[in-house]
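Read in order, the letters of the sequence shown correspond to residues 20 to 296 in our numbering.
Don't be surprised by glycine CBs; every beta carbon is placed ideally from N, CA and C.
Since we're looking at a predicted model, the values are computed, not measured.
This report refers to the structure that appears directly beneath it.
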Amino acid sequence: MDGQGRFIRIDDPADPRIAEFTAMRDRDLAGRGDRFIAEGRVVLQALVDAQAGDARFVLEKILLLENRVEGTGDLLDHVEPGCPVYVAGRDVLDAAVGFAMHRGILAVGRHVPPASFDAFLSRLPDRALLVAACGISNHDNIGGIFRNAGVFGADGVVLDSSCCDPLYRKAIRVSVGAALRVPFCRAGSIAEMVRSLTLNGFEVIGLSPQGSQTLSAFEPGRRVALLAGTEGEGLPADILERLTTLRIEQAPGMDSLNVATASGIALWQAACRMGRV
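Next comes the structure, spelled out in structure tokens:
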């Protein structure tokens with residue numbers, strides 16, 4: 020340890036104290052349950068802020084490249100004293116993680132999910148804006164949706180059971196930490212999600228290139244959930260038949276927008292009309 024007892028030196032990449040960081044690519048593919056890896060200063064800052072702001076996240080341990088220690092002092096000042104901070108040289112860290120592109124700042128966090136989807140919805144304000152994602156399996160798109168939700172002041176993101184994990188390392192990185200700042204909850208199937216949102220007073224708006232109304236003419240109510248489906252197939256036809264549907268006007272000749280881009284445009288429109296931005 021250092022003279023102040025803050026840093027714990029690691030000289031063996033197989034040290035069991037940093038086992039969560041070893042072979043990170045393989046472990047990401049296998050999933051980590053409610054635990055996840057935060058990578059880079061911006062994401063670690065988001066995790067530290069999230070832990071301080073509410074009980075949704077727990078910061079369990081940090082692993083730093085030795086030449087990044089000096090530049091993280093201000094950030095570590097806000098880390099709970101009981102959280103271990105491990106430090107290693109380049110060779111040890113690269114060998115443990117399994118690749119060199121790790122930014123030299125890593126942490127293990129744990130997500131504490133809401134007790135239920137209804138409990139999540141009950142904590143939202145009377146005027147609320149959500150993104151509801153269905154069947155999104157691409158981590159870049161999930162990360163982009165969370166980034167958009169954070170930028171445009173959404174109150175949360177809800178995910179059906181078929182969406183990929185927003186706390187996958189790449190999704191967090193693409194979101195620029197927004198996956199740790201924007202509240203989220205899983206909600207079962209798409210039909211169950213729409214049903215619960217409706218019962219909780221949300222106007223569920225289906226985003227579709229074949230939408231019956233134009234986004235530019237959309238006037239949101241007090242509680243709005245923008246429903247976005249997977250690229251290609253989009254939202255199921257039986258779901259769209261029951262919803263107000265919006266299309267984003269676009270030049271002829273192209274099929275549709277990327278789902279993360281479409282969610283950003285729709286969020287901007289709704290946020291502007293609701294006085295969020």
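Rounded to whole angstroms, the Cβ separation of residue 26 and residue 88 is 7 angstroms, and the two are in contact under 8 angstroms. Between residue 250 and the set 28, 167, 53, 154, the nearest pair of CA atoms involves 154.
As computed with DSSP, residue 80 is found in a beta bridge with 127. Closest in C-alpha terms to residue 201, from the list 151, 208, 225, comes 151.
Judged by DSSP in its simplified three-state form, residue 291 adopts helix. For residue 139, the enclosing alpha helix (DSSP H) begins and ends at 136-141.
In this structure, the straight-line span from the alpha carbon of residue 263 to that of residue 243 is close to 11 angstroms. If the five residues before and after residue 81 are omitted, its C-beta is found closer than 6 angstroms to the C-beta atoms of 104, 126, all from its own chain and listed in chain order. The beta-carbon distance between residue 107 and residue 29, rounded to whole angstroms, is 4 angstroms. This is short enough to meet the 8 angstroms contact definition.
In the DSSP assignment, residue 214 falls within the alpha helix (DSSP H) that extends over 209-218. A distance below 9 angstroms separates the beta carbons of residue 61 and residue 195. Under the three-state reduction of DSSP, residue 268 is assigned to coil, being neither helix nor strand.
The residue among 170, 179, 230, 218 with its C-alpha nearest the C-alpha of residue 260 is 230.
Where residue 55 is concerned, the enclosing beta strand (DSSP E) starts and stops at 54-58.
Taking all protein chains in view, the Cβ of residue 220 is surrounded by fewer than 16 other Cβ atoms within 10 Å, so the residue is classified as exposed.
DSSP lists 253 as the bridge partner or partners of residue 249. Per DSSP, residue 172 lies in no beta strand (DSSP E) and is assigned neither H nor E. In the structure shown, residue 229 adopts coil according to DSSP, grouped into three states. Boundaries for residue 296: no beta strand (DSSP E) harbours it, and the DSSP string shows neither H nor E there. Counting the other CB atoms within 10 Å of its CB gives residue 268 a total below 16, which places it among the exposed residues.
Residue 155 carries a coil assignment under DSSP once its states are collapsed to helix, strand and coil.
Ranked by Cα distance from residue 164, the first of 197, 130, 140 is 197.
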